[in-house]
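First to last, the sequence lines map onto chains A and B. Under numbering that gives the first Met the number 0, read the first sequence as residues 0 to 294, first letter to last. Under numbering that gives the first Met the number 0, read the second sequence as residues 0 to 382, first letter to last. Don't be surprised by glycine CBs; every beta carbon is placed ideally from N, CA and C. Fair warning: this is a prediction, and the values are worked out from it, not measured in the lab.
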Amino acid sequence: MDLQKKFRITVIISYAILIAYCIISLFPFLWSGAVSLTPMTYENENGEEVGVDIMKWPPEINIFKWQFFGAPGTGENYIKIFEITPFARWILNTVIYAVLVTLGNLLLDSVGGYAFARLRFPFKNMWFILFLSTLMIPMHVKMIPLYNLMVDYGFVNRYIGLFLPKITQVSGLFLMRQFFMGIPRSLEEAAKLDGASIFTTFFRIILPMSKPAMAALSIYIFMGTWNDFLWPLLITSKKEMFTLTMGLNFFNATYYTFWQYMMAASLLITLPMVVIFLSFQKQFISSGITSGMKG
Amino acid sequence: MIFKAKTREAMVGYLFAAPIILAVIAFEFYPVFAAVFYSFTKYQPLQVQQLNNTIVPEDTLSLNLMVFPDDEGLSVEELKESFDLRFFIETDVGITLNKSQKEALRYFETERLLKDFLAGRLKEEVTVKEFMGQYVVREKDEFMKYKPNLVGFGNFKKMMDDPYFWTSLKNTVVYTAIVVPIQTFLAVFLAVIANGNIRGKNFFKLVFFIPAITSSAAISMIFKLIYAKPGVLNRVIGTSVDWLQNPATALPAIMIMNIWTTSGYFMITYLAGLQNIPDTLFEAADIDGASFWQKFSRITLPLLRPQILFVSTMGIIGCMQVFDQIYFLIENMRNVTLAFYIYRNAFEYSKMGYASSIAMVLFAIILIITVLQRKFIKEEAYF
Numbered sequence: 000m001d002l003q004k005k006f007r008i009t010v011i012i013s014y015a016i017l018i019a020y021c022i023i024s025l026f027p028f029l030w031s032g033a034v035s036l037t038p039m040t041y042e043n044e045n046g047e048e049v050g051v052d053i054m055k056w057p058p059e060i061n062i063f064k065w066q067f068f069g070a071p072g073t074g075e076n077y078i079k080i081f082e083i084t085p086f087a088r089w090i091l092n093t094v095i096y097a098v099l100v101t102l103g104n105l106l107l108d109s110v111g112g113y114a115f116a117r118l119r120f121p122f123k124n125m126w127f128i129l130f131l132s133t134l135m136i137p138m139h140v141k142m143i144p145l146y147n148l149m150v151d152y153g154f155v156n157r158y159i160g161l162f163l164p165k166i167t168q169v170s171g172l173f174l175m176r177q178f179f180m181g182i183p184r185s186l187e188e189a190a191k192l193d194g195a196s197i198f199t200t201f202f203r204i205i206l207p208m209s210k211p212a213m214a215a216l217s218i219y220i221f222m223g224t225w226n227d228f229l230w231p232l233l234i235t236s237k238k239e240m241f242t243l244t245m246g247l248n249f250f251n252a253t254y255y256t257f258w259q260y261m262m263a264a265s266l267l268i269t270l271p272m273v274v275i276f277l278s279f280q281k282q283f284i285s286s287g288i289t290s291g292m293k294g
Numbered sequence: 000m001i002f003k004a005k006t007r008e009a010m011v012g013y014l015f016a017a018p019i020i021l022a023v024i025a026f027e028f029y030p031v032f033a034a035v036f037y038s039f040t041k042y043q044p045l046q047v048q049q050l051n052n053t054i055v056p057e058d059t060l061s062l063n064l065m066v067f068p069d070d071e072g073l074s075v076e077e078l079k080e081s082f083d084l085r086f087f088i089e090t091d092v093g094i095t096l097n098k099s100q101k102e103a104l105r106y107f108e109t110e111r112l113l114k115d116f117l118a119g120r121l122k123e124e125v126t127v128k129e130f131m132g133q134y135v136v137r138e139k140d141e142f143m144k145y146k147p148n149l150v151g152f153g154n155f156k157k158m159m160d161d162p163y164f165w166t167s168l169k170n171t172v173v174y175t176a177i178v179v180p181i182q183t184f185l186a187v188f189l190a191v192i193a194n195g196n197i198r199g200k201n202f203f204k205l206v207f208f209i210p211a212i213t214s215s216a217a218i219s220m221i222f223k224l225i226y227a228k229p230g231v232l233n234r235v236i237g238t239s240v241d242w243l244q245n246p247a248t249a250l251p252a253i254m255i256m257n258i259w260t261t262s263g264y265f266m267i268t269y270l271a272g273l274q275n276i277p278d279t280l281f282e283a284a285d286i287d288g289a290s291f292w293q294k295f296s297r298i299t300l301p302l303l304r305p306q307i308l309f310v311s312t313m314g315i316i317g318c319m320q321v322f323d324q325i326y327f328l329i330e331n332m333r334n335v336t337l338a339f340y341i342y343r344n345a346f347e348y349s350k351m352g353y354a355s356s357i358a359m360v361l362f363a364i365i366l367i368i369t370v371l372q373r374k375f376i377k378e379e380a381y382f
């Protein structure tokens, strides 16, 4: 009996801790969400135009009355940020950047990964070891020559300068290679006996089987590119070429007193990632994607 | 069937691997070797820019000589007397001359330039390097391509006397030394709890993951709201500290933010590891009357060792490079990190050589950590 009681207490404490950490994880998002829905000023009962105290504690939020910090909620900030900045253009730039990098990696990491997983070619091991060694090079070591390279070719403030250096990545190649190595060889041997070339075998048989790995790779690359800040910081200096993270930097520098706009912009950037995450949770959690995440 | 099967396989192999081999050469190896080279030079991008600027030589010369080519009665000899080449190159053409460039000016064909000027042959816009190449034919390499000055170990010596270098190094090490153990402990702790007899595990996983998929830029902005002087944190706990401006609190504030960002995500990695530990082990311990801490330290930690080693090295490597959050939130130079100081030197102070030598220090630290990790973890990397 005693053991069972102890067990029940343990379970209750466990729930308490997990729920507490959930609140800690969500609190900053919820607060900024509330701020993003608050007007800059509003008319109070006396008909006076007053500002809103968005740091009020307790926050006086009433979802049912759609009230935040005592003021009536509004979606205006989300429209306003498109008017005061080229926000739509930033979305477009980020989509172009993230999609091109993802497509590039999907194709090139797969073919490269297959070459390293299955094909025999001279110096394969040498290349493999060299590739492995690049994984430990910090971006901050490479960024100066890489930036100068882009300047020399006139790629600054252009999409090509953004996506070209990221178009195929060693970590993606390893992810695909690992997957291909897990596929039984008998399939390829059967195809070979039927007279299929390596090309046909790869594109017709192997690639269609690799959807799970490719989904994991796309998510990993897309997310990393969408959230990337350092490279756009170096390559884009014109407002029209900013990505969304650079756009946030612009808000941070120009609209730093307009919390409502900053929070609306921050949440708009986050939203697509959350949607993708919720739709592909399995790939996120099970793929063992670890590198490239912020430390 | 022109080639043997083996040859064909090798050819296809290279064809498949070619894009990434080229990319690695261009975007990994070249930058690393260039960075090593830069670190021994005084590399100033402003001078690169000077060579790429364009001039209309005729206008530039007119400005210097205060005459126009179609003025009457001008002769090359006359112009030559009043022409100061060094001054012309440095002020009007706009090149900050280095030592070897100064020497190369001996070969500058002043007479030909002045003749061309009078003949009106200098009306076309050219880049500075093209212009110099035309008139310093013998030593034109000095001007055609920017050559950074080799300074040997000068940058590294300078680093030793640079208080900001030491501050940023110290900040980076302190940051890592505090963030990694706490985030590891918190993540393992949460994983152990979630691994118990809990319903809704997936819900908790989802929620804990959200900070990790949010861009560091957005997280920084959201935490600015919390840490600002009129911000949420001060209101909730009733203080009035400017958390990000105060040098004593700025770095701890960033550390807490980072722990918040990553702990939930790492927890999921540990949870996967825990689920491989057979329940019978814990049940046996329960029967023997083991306490929670006994089970934690005797069963969980030893069995999670490979995951902990791997994840915490990834954490160390990530923390050593912390940049975005510092860029967004830190204004005080006393609180910057190594990665930020590299960026600032290269792109704000235009000292790319010096920045590269600081990058070498960062590189060395990360190299050592990776080598140690490889030594401790025998298995192939997790990919």
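Provide the residue span of the alpha helix (DSSP H) that contains residue i, from first to last.
{"i": "B/T268", "result": "246–273"}
{"i": "B/G352", "result": "351–375"}
{"i": "A/Y219", "result": "210–225"}
{"i": "B/G317", "result": "300–319"}
{"i": "A/E82", "result": "75–83"}
{"i": "B/G119", "result": "Note, B/G119: premise wrong, no alpha helix (DSSP H); not H, not E."}
{"i": "B/E80", "result": "75–80"}
{"i": "B/P180", "result": "162–193"}
{"i": "B/K101", "result": "98–103"}
{"i": "B/V231", "result": "231–236"}
Beta carbon of residue i, beta carbon of residue j: below 8 Å?
{"i": "A/S24", "j": "B/I209", "result": "yes"}
{"i": "A/G246", "j": "A/A264", "result": "yes"}
{"i": "A/T224", "j": "A/V100", "result": "yes"}
{"i": "B/G272", "j": "B/Y37", "result": "no"}
{"i": "A/T269", "j": "B/A217", "result": "yes"}
{"i": "B/V179", "j": "B/I315", "result": "yes"}
{"i": "B/I368", "j": "B/I253", "result": "no"}
{"i": "B/I267", "j": "B/F309", "result": "no"}
{"i": "B/L302", "j": "B/A338", "result": "no"}
{"i": "A/F249", "j": "A/N92", "result": "no"}
{"i": "B/F15", "j": "A/L206", "result": "no"}
{"i": "B/T260", "j": "B/A211", "result": "yes"}
Using 10 angstroms around the beta-carbon of residue i, count the other beta-carbons present and answer buried if the total reaches 16, otherwise exposed.
{"i": "A/T200", "result": "buried"}
{"i": "A/S31", "result": "buried"}
{"i": "A/Y113", "result": "buried"}
{"i": "A/R7", "result": "exposed"}
{"i": "B/D140", "result": "exposed"}
{"i": "B/P374", "result": "The amino acid at residue 374 of chain B is misidentified as Pro; the sequence shows Lys. Exposed, because fewer than 16 other Cβ atoms sit within 10 Å of the Cβ of B/K374."}
{"i": "B/R85", "result": "exposed"}
{"i": "B/F130", "result": "buried"}
{"i": "A/M19", "result": "This sequence places Ala at residue 19 of chain A; Met is not what is there. A/A19 should be labelled exposed."}
{"i": "A/F179", "result": "buried"}
{"i": "A/V274", "result": "exposed"}
{"i": "B/F184", "result": "exposed"}
{"i": "A/F162", "result": "buried"}
{"i": "A/V49", "result": "exposed"}
{"i": "A/I288", "result": "Because A/I288 carries a pLDDT of 49, less than 50, the predicted location of this residue cannot be relied on, and no value is offered for it."}
{"i": "B/R120", "result": "exposed"}
{"i": "B/E379", "result": "Note that B/E379 has pLDDT 44, beneath the 50 cutoff, so the model's placement of it is unreliable and no number is given."}
{"i": "B/L224", "result": "buried"}
{"i": "B/I94", "result": "buried"}
{"i": "B/S99", "result": "exposed"}
{"i": "B/I258", "result": "buried"}
{"i": "B/A4", "result": "exposed"}
First and last residue of the beta strand (DSSP E) that includes residue i?
{"i": "A/Y41", "result": "40–42"}
{"i": "B/E141", "result": "B/E141 -> not in any beta strand (DSSP E); alpha helix (DSSP H) instead, spanning 140–143."}
{"i": "A/G103", "result": "Premise fails: A/G103 lies in the alpha helix (DSSP H), 86–117, not in any beta strand (DSSP E)."}
{"i": "A/E48", "result": "48–50"}
Give me whichever residues DSSP pairs with residue i in a beta bridge.
{"i": "A/Q66", "result": "A/N61, A/P71"}
{"i": "B/K41", "result": "B/N148"}
{"i": "B/V125", "result": "B/I54"}
Please decide whether residue i counts as near chain E, where near means a Cβ-Cβ distance under 8 Å.
{"i": "A/R119", "result": "Looking for chain E here will not work: the only protein chains present are A and B."}
Segments of 4+ residues assigned as alpha helix (DSSP H) that fall wholly inside the stretch 0–30 of chain B: 4–23
Segments assigned alpha helix (DSSP H), at least 4 residues, entirely inside the stretch 233–282 of chain A: 243–253, 258–278
Entirely enclosed alpha helix (DSSP H) segments - the stretch 131–211 of chain A, minimum 4 residues: 138–151, 158–162, 169–180, 184–192
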